[in-house]
Structure formats: structure tokens, C-alpha cells
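In terms of our numbering, the sequence shown opens at residue 364 and continues consecutively. We put the CB at the ideal spot given by N, CA and C, even for glycine. Below is one structure, written out as C-alpha cells; comments come after it.
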Amino acid sequence: METLSKYVFGTASPSEFMAGVIGRHYHIYRDASQLWRDVSLVDMERYLNQCEGHLHTFIRVLDKGNDLHIPTEARFTQETQKAYIDRAYAGGATVKVEDYDSRHPVVAAMCRELEAFIGGNVYAMSFLTPAGQRGFPVHFDVADALIIQLEGSKHWKIYDKVIDSPTHALNYRMSQSAEPAPIDEFVLNKGDVLYIPSGVPHSALCTTEHSLHLSVGLNVWKPYQLLNFAVSLLTESLSSLRSPIYKNDADNERRISAAIDEFCSKLKDVEPRKLLDSFETSFNANRPEVNGQAMTNFSLAQAITQDTRVSRNHLKFAKLKKSGDKMRIFPSSTIRPGKSLLPASAYIEIPDVAETEIVALLESSAPLKISDIPGGLDIPSKLVLVQQLLRQGILSVAAH
């Protein structure tokens, strides 16, 4: 909880957020976040300069709610992508930088801890708006959001909820000609955090200074997602779900009905907790690879000693399960992102005599010297364990 207190809730109780706020109503945590110490406009701009040529893949530029198209091919323009974004920003556009949850180690650690606490998939993006400009027109999001103000200030308006737990298919562009009356309005300053439930319309305006904020999406799982995954699970054992449906085949209706009946019958035997656990494990396998020290760790793994200090790589998610007398670690990034979720995910299997050591390494918040790792393994065994976790990117060799 230390990370959540430092970057999200401040002195407020995360448990009270879960019990009385999330999914219910918007809430402001004043001067609660210290994230501005680690995420700044200077850092963001430096990163954009380094990614010239690829900025169109993770940046949106919006002017009065309309997307401006970042040039993708430098051969056909004299202007760099970064220069195009600079010019648009100077003209009043808002710059949205996506994928902070996989591009910034501090934000990644915060998102992973939010996932462990709340569940679902947590992602983050930054919004930079110049002084005197409005970022987006009145709209609502399909995921709950935590707005963390990093620089400057922004004037927010909140409106009555229009829909409960919307999906992307239920999202729509709200009419701007008949803007509703806000139920509240306020200013967020550096360090303030705003929670907005999904389906609650909102808008924000910069006044006398620019604004940089991080929007953290809390995409909590929904039953329909688990049911879609259950179809994938049961397809392996139910041939009726794999039966081809040919056009103008007189038997189509019977085949579809038989598949529905058999699926519903088998679905009754599925244990909800096991289904959720399997879904989370499979989703985790699809996460993009973001371990920034993979080659370094692989190179250093053979040379570690009992005095080497290692730390948990929070950019690499790892789910731990016990199976008989074995411990199974399911690391992220074992399936190419964008591929369908697979029921069987890759894992590392280690004898459960190393359970204490594994738990200590996965849950560590500070670097550990290998000889100080708690548990009953001898030093050579601890070295072998650490080498394996280093090669998987779950651990990193700590800087001296």
C-alpha cells in the first residue's frame, strides 16, 4: 500500500475508497499525490524526442475535440513529428500520450499495485493542455478514472451520470449544443487526485496556466468478459461449439441450438472463482514486454554472487500459484499482444521448498542481497533461483 499512499491516496485510507467511493460517486483527494516528483513535462518531452518517427503510434493530438493526424512518413514532409506536435500545442491543441503504464517504471509500479488492490487492468496516459484551452468537450469514459494533477491547474466540471458501467459499444458522443448543467465544479492543483466513475460526464478547462495530468484508467473486469473467455475454455472440449455453420444449410438452426444448450449446461459447472483466476492469468500473458533491462540481466545472471543485490521489476507482472508440491510463476508477455487469450499460459515451475524465497522476491519493495533472501535454501540454490527470475525479467540487478 506504500505506493498507493504515496502516489494516489495520500493520508486517506485505500480501504475506505474501496468500501465507499469506487463505483459510487466522484471524489477529490487534495494534495494526496507525490507523483509530480517523478513524472514531469520535461521528462515527457525528452521521451518524445527519443521516439521521433514512432510518435503516431502512441500519441493523439486533439484540437477542440477533433483529432489532428501526426505525419507517419517523414519522407513526404520537411517537418519532424515532434515539430508538428509542438506547433499544434502552441496553437491550442491538447497532447495525449498513451501507454504510461508500460513506458514509465514509476507509473508501471503504481498501476500494478492498483491492479493487485482493485483488480482488472489498469492503464495510464498523460494529457497536456496549454493555458486558456479546453482539452475535450463534455464526455464520459467507459472505465473509472483517477486524475492525478502533475503540473499547473485545471478547472473541472462534473455532470450527472448518464449510464451505469458502459462498454465501448455503449459509448456515444454527447451533444455539445445542449450542454447539461454541472452538478459540481472545482480546480485541481498539483498533487490533487480526482476519482471519476465510468459513465459520469465531465469536462476540463485550463485558465491562466498550462496543465499536465495523468489519467489512470481502472478497467475492472465485467461478467461478459469472463463469459467470452469461458467460450474459449469450453471450445476445446465441446465439439458442438466448433461445428461449422455453412450458408443455406438446413441443419444450421439445429447445430446452433445444440451448441447453445451444451454450452449453457457446461457453464453451470464452471466455478466463478476459478474462471476469474484463469482469465486473469491468460490476460496477463498477453501484456506487452516492457522489461527495460532484459539483455543486461541476461548478461549479468551468470556472474551474480551471494553479495549481488536484486530488485523486483515492476514492469513485469508475475502471478504465483501453488500446484501440489510445486510453485508456478506465470509471467507476463508470453503471448504476443493482440493475439486471442489462450486457456493455457506459460509458467515457470519451481519446487515449493523455495516458496518463502519466491514470495519474498516477488513482494519485495527494496533491493535484496541474495544472501539475505529469507527462506531455507542454501546459497547455491538461491543463486540458481535468482538467475532464473533474472532471465525471465521478473527481477533486475540493482544498481550499486
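Among the options, nearest to residue i - alpha-carbon criterion
i    : options                : result
F503 : K685, S674, A567, P651 : A567
V470 : L509, Y447, D449, F499 : L509
D670 : K679, A494, A762       : A762
S645 : L752, F592, L551, L398 : F592
T571 : E542, H518, Y410       : H518
N582 : S641, G495, S595, F480 : F480
C569 : F626, P560, L551, A622 : L551
S620 : S603, Y609, H417       : S603
Y410 : H467, T440, Q750       : H467
G454 : F626, K427, P434, S368 : K427
S662 : I391, E379, V760       : V760
Residue i - DSSP class collapsed to helix/strand/coil
i    : result
M658 : helix
I521 : strand
H388 : coil
I711 : strand
I721 : helix
Y609 : coil
Q665 : coil
Y535 : coil
F693 : strand
E476 : helix
L411 : helix
A684 : Reading off the sequence, residue 684 comes out as Lys, not Ala. K684 falls in the strand class under three-state DSSP.
T420 : helix
D430 : strand
N484 : strand
I546 : coil
E514 : strand
L678 : coil
T570 : coil
V405 : helix
Test: residue i CB closer than 8 Å to a CB of chain C
i    : result
K445 : Looking at the structure shown, chain C is missing, and only one protein chain is on hand.
Local Cβ density within 10 Å of residue i, reported as buried at 16 or more and exposed below that
i    : result
E415 : exposed
N676 : buried
K459 : buried
S648 : The question names Ser, but residue 648 is Ala in the sequence shown. So A648 ends up on the buried side.
K745 : buried
A544 : exposed
T492 : buried
A494 : exposed
L597 : buried
D507 : buried
M364 : exposed
I559 : buried
N412 : exposed
Y609 : exposed
Distance between beta carbons of residue j and residue i, contact taken as under 8 Å
i    : j    : result
V807 : P730 : A question about residue 807 goes unanswered here, because the residues of the chain that appear run from 364 up to 763.
L683 : I692 : 6 Å
L418 : I448 : 7 Å
K685 : I713 : Not confirmed; about 11 Å, so no contact.
D401 : G373 : The pair is not a contact, with the Cβ atoms about 15 Å apart (cut-off 8 Å).
G562 : K520 : Wrong, their Cβ atoms sit about 16 Å apart, outside the cutoff.
Q750 : A664 : 5 Å
E681 : L725 : Reading the sequence as shown, one finds Ala at residue 681 and not Glu. Confirmed, Cβ separation roughly 6 Å.
Proximal residues to residue i (C-beta, below 8 Å), its chain only, five neighbours per side dropped
i    : result
V485 : D464, C474, R475, L477, E478, V579, G580, L581, N582
E720 : I736, P737, G738, L740, K745, L748
heavy atom of the ligand SAH below 7 Å from residue i C-beta
i    : result
A664 : Although the ligand SAH was asked about, the structure shown includes no ligands whatsoever.
Sequence-distant residues of its chain with Cβ nearer than 6 Å to residue i (five each side left out)
i    : result
F421 : E461, D462
L752 : L758
I711 : I692
Residues near residue i in its chain [Cβ-Cβ closer than 7 Å; skip 5 each side]
i    : result
T530 : V505
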